[in-house]
Structures are given as structure tokens and as C-alpha cells.
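Once you know that position 274 of the sequence shown is 275 in our numbering, the rest is easy, because the numbers rise by one and skip nothing.
Okay, so here's the structure we're looking at.
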Amino acid sequence: MMKTCEIPNAEQRQRISNKTFQGEFWKPCPGTNAPYYCCGYQIITPGTGCGMYCRYCVLQAYFENHGQTICDNFGDLEREIHEKMASRKGIVRFGTGEFGDSLYLDHCTEFSVKIAALLQPYNAVIEYKTKSTNIGNLSKIKDPGRVIIGFSLNTPAMIALMERGTASLDERLDAARKSVEMGFYVAFHFDPMFWYEQGLDEYRMVVRKIFDYVREPEKIAYVSMGGFRTMPSLKSFLKENGLHVPLFSGEMINGADGKLRYFRPIRTEMYRAMREEFDAMHNGITLYMCMESPEVWDDSGMRSRIPDGLVAYLDKRVDAMINGK
Ligand code: SF4
């Protein structure tokens, strides 16, 4: 039986500290290349850690410090972005949610407002990914049409089982609705998706629910999907704390990127169900899979969406959003 409420290092997770960040603030998403398709996302990191808790979060195995850290040298971040953008060609898709939740501390940091202003002169979008409803600062953003508020979604059963301190599904969707009303684009991320009894029906229900809240589907920038996959170090970390069940109770394979993942037929079935449901709700959603193999793109009926590749698919969508092309 899974223990649902325990949070490893719970006290540490709530600690917030400032730090002068060394090194690069802007890095490409660490997606491995072949045989999986990477989406070409670019990560800006103005802080690390998260005050919410998800059982599957790899950060708990990745960082020794489980607290939240905010960079106090935002000027260096600005300088780096200006320098690198000066020689950059083409559209750039940025996000800040790789090493923590983009909005959880936004009422303290205002990074959402500062980074949107920083990128405004460039051919770029910024996505803030969250499982919170901390959208109060967003109204200060001058040009919301170049900003995407990304909500990570899961089924109510999986949110209840795997997450603590995150907003409920309805609360996230309501925040998405409000974001659209403020003029932002929204994105939805079904990542990680879990394989469980009734799971497919419940994920389909979540897809339908999106359209109850977001009445202008053209304001959905894109939707991503990813079956649960992770570094083996997360399994070891959770095992030490007696929390690895049921996340790791089924059989998984070791992928070409060294990550544990579900067997291919399982992943394919989940993606196919989601594709069918999205197509039934609105035939024009930009839907993609994160770090999947060409075979899975074929088997799940997704291949025809990316005739020029995944990066071009998403660049084209963002170009249409911000440049009207
Ligand atoms: S909300 Fe995101 S960053 Fe925070 S614990 Fe969950 S997965 Fe990790």
C-alpha cells in the first residue's frame, strides 16, 4: 500500500535562500538526441527547488539541497540573454520550469514579469510551467500575447496519490481560464502520464474538461504528453524512504537515454487515446510527445503532425502565435 502523505525532507523544502548563481542561466533542455525526438526547448533558470511535492519529481534525487534557491544576480541573467540573443537566428522557445515550478514563488520574485520584459524585444516566447494557481503577478506583464502559461495536468486520482501542495485539477484549469482572459496563451502538459486501471478513461476525461474551461481553443499554444520515465537514481532515493511503490511496481525498460520507462505498447496506447480525444474535441491542437522514438510517433498515429520534424512543428506554431505567420 502506498504511503500518500509523506514528503521526504519536508522542512528543508520550505526553506528559501538567495544565492549568486555562477555559470550559465540559459541552457538547451537536456533532452537526449537520437533515438528520441527532442523539441528544442530552451531553459532559463532564475531559481531552483520547489515548495510543492510530487512523488515523481526527479529534483529530489538530483539536488542535495532540497530547499528553494533564488538567484540574487538577475543582472547577470539579463546580460547573458542579451549577449546570446544578439547572435541567435530564428524563433526561440524559452521556459523556466526545468529545475522548479515557474510560478510557485512568483509573488516574491516577480521573475515572470521581469523575464517577459527582458525577452520582449526578441523573436521569442517564454513559457511559465506550473502546478500552482499563483498567477497574481501576471497581470503586470505588458505583452501577454508573447507569454505562455503552461499547466501540468494529471488525473484527479494521480494528483491525489502523487502530489502534495499542488492545485487541484479544477483549480489549475480555472487558472488557465483566467490566464486566457488576461490575454495569455496557455499550454497543457500531460507529463508524466501513469499507467493504471481506468487510467485511459480518466486521462480522456481530463482532456474533455480542458475545453469546459478554455472556450477559445486557439489560445492553447500546444499540449505535450510523456509517459512516466525517470533516472534510476529516483527509484533508489524513494526506496531509501520506502516510497517507491507503486511508482516503480510495474515492469519498466531501461531506455536508450538511461531512463526507466514503460514498455512501448503501453506508451503508444496512452498517446493514441489522448490523440483521439484531442482530435474529437478540437481538430487543430498542436499536440506532441516529449522524448519519444520514431516508432512510437508512427504507432500512435502522430507522425503526420511532424512532416518537417518536431522542432519545426513547434516553431511554426509559435511563429503563428507571435508573428501571425
Ligand atoms: S511541482 Fe514540479 S518542481 Fe515542484 S515538486 Fe512537482 S514536479 Fe517537482
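In this text, a Cβ means the ideal position worked out from N, Cα and C, and glycines have one as well.
Values in this document were obtained by computation on a predicted structure and should not be read as measured data.
Spatial neighbours of residue i in its chain, beta-carbon cut-off 6 Å, leaving aside the 5 residues before and after
i, result
"Phe64", "none"
"Ala292", "Going by the sequence as given, residue 292 is Met instead of Ala. Result list for Met292: Gly32 and Tyr37, in chain order."
"Leu315", "Cys40"
"Thr269", "Val297, Asp300 and Ser301"
"Gly256", "Arg262"
"Ser234", "Ala62"
"Glu114", "Residue 114 is actually Val in this sequence, not Glu. So the list reads Asn138, Lys141 and Ile142, once near-sequence residues are dropped."
Beta-carbon spacing of residue i, residue j below 8 Å
i, j, result
"Glu128", "Gly151", "yes"
"Ile116", "Thr97", "yes"
"Arg327", "Ser301", "Outside the displayed span of the chain (2 to 326) sits residue 327, for which this structure offers no information."
"Asn138", "Glu111", "yes"
"Gln13", "Gly68", "yes"
"Arg147", "Gln121", "yes"
"Ile149", "Leu104", "no"
"Tyr204", "Ala274", "yes"
"Thr70", "Lys130", "no"
"Asp107", "Lys132", "no"
"Gln43", "Cys30", "yes"
Residue of the options minimising C-alpha distance to residue i
i, options, result
"Glu99", "Gly32, His108, Leu162 and Lys141", "Gly32"
"Met183", "Ala158, Tyr204, Phe279 and Asp144", "Asp144"
"Ser174", "Tyr214, Thr70 and Ala125", "According to the sequence provided, residue 174 is Leu. The question's Ser does not apply to it. The candidate whose alpha carbon is nearest that of Leu174 is Tyr214."
"Val279", "His245, Phe212 and Ile323", "Looking at the sequence provided, one finds Phe at residue 279 rather than Val. Among His245, Phe212 and Ile323, the Cα nearest to that of Phe279 is on Phe212."
"Ala118", "Asp102, Lys130, Ile142 and Ile136", "Ile142"
"Lys326", "Thr131, Thr156 and Asn124", "Asn124"
"Phe249", "Leu60, Met232 and Pro29", "Met232"
"Glu198", "Thr156, Ser113, Glu241 and Ser237", "Thr156"
"Lys85", "Leu60, Lys28, Val59 and Cys109", "Lys28"
"Ser294", "Asp258, Asp320, Leu106 and Ile286", "Asp258"
"Lys236", "Val126, Cys58 and Gln43", "Cys58"
"Ile307", "Asn324, Met322, Ala321 and Thr287", "Thr287"
"Asn324", "Ser18, Pro9 and Val126", "Val126"
"Ser305", "Gly285, Phe238 and Asp320", "Gly285"
"Phe185", "Leu154, Asp309 and Glu217", "Glu217"
"Gly50", "Gly24, Gln23 and Ser18", "Ser18"
"Met194", "His245, Leu154 and Ala87", "Leu154"
"Ile8", "His245, Gly200, Asp309 and Met322", "His245"
"Met322", "Asn66, Ala87, Arg94 and Phe22", "Arg94"
"Asn10", "Arg265, Asn242, Ala87 and Ala313", "Asn242"
Proximity test, residue i beta-carbon vs ligand 1 heavy atom, cut-off 7 Å
i, result
"Met53", "yes"
"Cys58", "yes"
"Thr134", "no"
"Asp102", "yes"
"Thr231", "no"
"Thr110", "no"
"Thr46", "no"
"Thr167", "yes"
Cutoff 8 Å; reference residue i; Cβ partners in own chain excluding five residues on either side
i, result
"Met311", "The displayed chain sequence assigns Leu, not Met, to residue 311. Only Tyr38, Cys39, Cys40, Gly41 and Tyr289 meet the Cβ criterion."
"Ile160", "Thr167, Ser169 and Leu170"
"Trp196", "Gly228, Phe229, Gly251, Tyr263, Ile267 and Met271"
"Phe26", "Ile45, Thr46, Pro47, Cys72, Asp77, Leu78, Glu81 and Ile82"
"Val208", "Met275, Glu278, Phe279 and Met282"
"Ala343", "What the structure shows of the chain is the stretch from 2 to 326, and residue 343 is not part of that stretch, so it cannot be assessed."
"Met206", "Thr156"
Same chain only: Cβ atoms within 7 Å of residue i, ignoring 5 sequence neighbours per side
i, result
"Met253", "Leu261, Arg262 and Tyr263"
"Phe238", "Gln61 and Ala62"
"Met3", "Here the model assigns Met3 a pLDDT of 44, short of 50, so the residue's position is not dependable, and the following value carries that caveat. Excluding positions up to five away in sequence, the list reads Leu162, Val246 and Pro247."
"Gln23", "none"
**Prompt:** Counting pairs of Cβ atoms below 8 Å between the region 178-189 and the region 218-228, do you hit three or more?
**Reply:** Yes, the region 178-189 touches the region 218-228.
**Asked** Do the region 174-183 and the region 73-85 meet, that is, are 3 or more Cβ pairs less than 8 Å apart?
**Response** No contact exists between the region 174-183 and the region 73-85.
**Message:** Contact between the region 161-178 and the region 49-57 is defined here as three or more beta-carbon pairs at a separation below 8 Å; is this criterion met?
**Reply:** They touch, by the three-pair rule.
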